[in-house]
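Quick note on the numbering used here: the sequence shown kicks off at 4 and runs consecutively.
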Amino acid sequence: MFDPKLKEALSRVQKPGRYTGGEPGSVYKNKDEVDVRFAFCFPDTYEVGMSFLGEKILYELLNSHENWWCERAFMPWTDMKEQMERLDIPLYCLESKDPLTDFDIIGFSLEYELAYTNVLAMLRLSGIPLRAADRDERWPLIISGGPCVCNAEPMADFIDLCLIGEGEEEIDELMTIYAKHKKKGFVKEDFLHECAKQEGFYVPSFYSVEYNDDGTVKKYTPKYDDIPTKIKKRIIKDMDTVRFPKKVVMPFIDTVHDRIMLEVYRGCIRGCRFCQAGMIYRPVREKSVETLCREGKTLADCTGYDDISLISLSISDYSHINELTDRLLEWTNERKISLSLPSLRADSFTKELMDKVSSVRAGGLTFAPEAGTQRLRDVINKNLAKEDLLRACRVAFSGGKSQVKLYFMQGLPTETDADLDGIYEVAESVIDTYYQTPDRPRKAPLVTISAACFIPKPFTPFQWEPQCDMAELERKQRYLDGVIKDRKVKYNYHDAKVSRIEAVFARGDRKLCAAMEEAHRRGMVFDSWEEHFDYEKWLGVFAAVGIDPAFYANREFGEDEVLPWDIIDIGVTKEFLLRERHRAHEGKTTENCRNACSGCGANSLGGKTAWCPKAKK
């Protein structure tokens with residue numbers, strides 16, 4: 004039964020289905036019979052969080068242990084947040100409706116820097132002190148994982164423990180250690196000390212930071228002699244052994260991705276120099292066709308979804324893609340289940356692949372040239388020629404497509420206006436190719452240019468590069484808008500102001516914790532949502548705490564500088580990233596991992612199904 008106050012709140016909000024729980028597939032246990040209670044918290048709305056594959060994996064993994072219970076909590080939308088504050092309802096988990104303060108561990112998945120304010124808002128709604136130093140044994144342990152913890156420093160003051168790497172490898176160990184300490188009488192310092200000795204466990208409070216006079220990081224010093232000076236990422240070495248959900252929680256309301264998600268492999272054989280995911284998820288490790296078909300059938304049987312999305316950074320690079328799609332189509336066609344391939348590369352796109360994808364559902368296709376000229380594509384190591392893109396478009400047009408979306412970036416290192424002209428020229432070439440294709444559809448084509456601002460990210464060859472200042476980013480956007488004359492070419496671009504704040508926190512250090520706390524004090528939430536993001540408010544926050552955002556976003560970092568994220572070892576070496584940066588400025592490309600080993604260092608992490616021939620098996 005719902006508490007009367009909660010019933011009142013639900014009667015006043017737009018989508019009460021976000022907050023009721025009770026969905027098919029939810030796991031319920033007797034809380035008095037479990038050893039550890041874990042609250043999986045996603046710092047965004049229910050619809051976004053319930054589309055996150057990592058939540059589904061960890062939910063089943065944790066709940067498969069009879070003595071552990073994992074429940075879910077999401078950031079309430081502003082209408083529900085207002086009602087919870089008005090009625091003094093603490094943030095609760097959907098299964099038990101218990102407040103987060105009743106849990107042993109609260110885990111946040113940090114997928115995007117602009118969700119950080121929601122983390123603090125969720126803690127405040129729970130009545131939990133924001134800073135780790137203010138939380139003793141009476142409070143739940145606050146942990147975090149996800150791609151953003153490769154530079155956790157802007158959140159270091161608020162998080163007790165960061166899991167560096169792949170959560171399935173670490174969460175079981177974490178829960179076991181916690182249960183042991185809880186049984187003997189939990190002492191937070193002792194527990195964190197044992198965790199800090201484990202590979203992939205980063206306790207920010209156990210590392211002090213010194214700064215140089217110019218504001219850059221001088222060094223990190225461990226609190227204890229028996230903990231590592233650098234925290235090494237953990238990975239799943241054999242993807243066929245990774246736990247995958249045999250059933251999932253089925254939402255009562257529409258979510259962002261109402262479909263089956265099959266994770267085909269992790270990592271990327273490409274070496275795009277701007278791409279963080281392509282570096283931090285190395286080495287490439289594939290699942291077998293047999294495993295993927297079994298998982299797909301299992302989820303189709305328990306969900307009833309009519310769409311299977313094959314998930315990876317570049318799905319057409321899967322070494323058994325044709326066999327996989329053939330095997331899936333043996334049963335998906337009969338059941339009217341469509342296959343979606345969301346991350347196609349133009350140079351590995353074929354008619355055979357398109358026909359399989361289109362066997363049930365038609366639609367446009369998306370490719371990512373990233374840059375408008377071959378010179379700049381070589382700088383970023385895209386390893387894609389214009390001819391490859393036009394060939395892929397020709398195949399698409401022959402197959403009945405008339406719409407193509409092209410992703411580009413603006414503000415890339417060494418970019419000139421000629422490169423921006425090249426973006427429009429590429430789009431016009433696609434239009435020309437459409438009309439030159441004899442068996443094209445008989446209707447007007449549409450090419451949509453979607454352009455994002457370059458953001459220098461940690462653990463990429465471009466991590467040292469400055470982001471263009473605001474005036475220049477906005478000038479570049481206006482320039483390209485003025486170049487485009489053809490009404491068959493549509494131009495969309497991301498808000499440069501959002502990209503600048505993202506860059507600040509992507510490359511930030513612990514001094515930004517003060518800015519995060521000030522933003523929370525000013526009531527800032529949902530900064531990743533356009534209707535709530537306020538650039539001027541952020542500038543006011545930085546001014547209030549004495550931080551110059553340009554120091555992080557628009558400054559070229561020194562190659563011998565200690566970077567805020569140097570405390571983390573993701574496997575890819577700094578020497579490799581520097582070497583790639585220099586090759587970028589020389590306009591030299593580097594082959595992908597399937598063709599040649601570039602010596603990135605990720606082979607040291609191992610991987611039974613890794614592409615790297617030097618990887619430890």
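Glycine residues also receive a C-beta, built at the ideal position from the N, C-alpha and C atoms.
{"Query": "Between the CA atoms of ASP489 and GLU114 - distance to the nearest angstrom", "Result": "37 Å"}
{"Query": "Three-way DSSP call (helix, strand, coil) for LEU164 in this model", "Result": "strand"}
{"Query": "As assigned by DSSP and simplified to three states, the class of PRO157", "Result": "helix"}
{"Query": "Straight-line gap, ILE487 to ASP512 (C-alpha atoms, nearest Å)", "Result": "40 Å"}
{"Query": "Residues of its chain near ASP139, where Cβ-Cβ distance is below 8 Å and the 5 sequence neighbours each way are ignored", "Result": "LYS191"}
{"Query": "Three-way DSSP call (helix, strand, coil) for PHE411 in this model", "Result": "strand"}
{"Query": "Collapsed DSSP secondary structure at CYS96 in the structure displayed", "Result": "coil"}
{"Query": "Residue range of the unbroken beta strand (DSSP E) whose run includes LYS221", "Result": "220-225"}
{"Query": "Identity of the residues DSSP links to LYS235 by a beta bridge", "Result": "ASP572"}
{"Query": "C-beta contact flag for SER346 and SER317 at 7 Å", "Result": "yes"}
{"Query": "Beta-carbon proximity check, PRO27 vs MET264, cutoff 7 Å", "Result": "no"}
{"Query": "Beta-bridge partners of ALA455, as assigned by DSSP", "Result": "MET412"}
{"Query": "Close beta carbons around PHE400, own chain, < 6 Å, minus the five adjacent residues each side", "Result": "TYR437, THR440 and ARG443"}
{"Query": "Beta-bridge pairing of LYS493 - partner residues as DSSP gives them", "Result": "THR451"}
{"Query": "N-terminal and C-terminal residue of the beta strand (DSSP E) that TYR210 is part of", "Result": "210-214"}
{"Query": "Own chain, CB closer than 6 Å to ASP391, minus 5 neighbours either side, in chain order", "Result": "ALA349 and ASP350"}
{"Query": "Best match in ARG378, ARG503 and TYR284 for proximity to ARG269 [C-alpha to C-alpha]", "Result": "TYR284"}
{"Query": "Environment of PRO461 [buried if 16+ CB atoms lie within 10 Å]", "Result": "buried"}
{"Query": "Closest Cα partner of PRO225 within the set SER208, ILE239, GLY218 and ASP241", "Result": "SER208"}
{"Query": "From ASN606, HIS497, VAL245 and MET357, residue whose alpha carbon lies closest to that of GLU533", "Result": "HIS497"}
{"Query": "Sequence-distant residues of the same chain with beta carbon closer than 6 Å to ALA371, five excluded per side", "Result": "TYR410"}
{"Query": "Residues near LEU387 in its chain [Cβ-Cβ closer than 7 Å; skip 5 each side]", "Result": "ALA349, ASP350, PRO372 and ARG380"}
{"Query": "Range covered by the beta strand (DSSP E) that runs through VAL39", "Result": "39-45"}
{"Query": "Residue burial classification, TYR427 (beta-carbon count within 10 angstroms, cutoff 16)", "Result": "buried"}
{"Query": "C-beta atoms of ILE145 and ILE162 nearer than 7 Å", "Result": "yes"}
{"Query": "From SER315, GLU298 and PHE352, residue whose alpha carbon lies closest to that of ARG330", "Result": "GLU298"}
{"Query": "7 Å Cβ cutoff met for THR376 and GLY414", "Result": "no"}
{"Query": "Inter-residue CB distance, TYR205 and ALA124 (contact presumed, cutoff 8 Å)", "Result": "Contact flag wrong, Cβ pair sits at about 24 Å."}
{"Query": "In chain order, each alpha helix (DSSP H) run of at least 4 residues that lies wholly inside the region 169-203", "Result": "170-187 and 191-199"}
{"Query": "6 Å Cβ shell around ALA556 - same chain, five flanking residues per side excluded", "Result": "GLN470, ARG503, ALA506 and VAL507"}
{"Query": "Contacts around SER322, its chain only, beta-carbon distance under 7 Å, and the 5 residues preceding and following it disregarded", "Result": "GLU289"}
{"Query": "Reference SER531, options PRO46, PRO464 and TYR22, closest by Cα", "Result": "PRO46"}
{"Query": "Inter-stretch contact (C-beta, 8 Å, three-pair minimum) for the region 35-51 and the region 96-106", "Result": "yes"}
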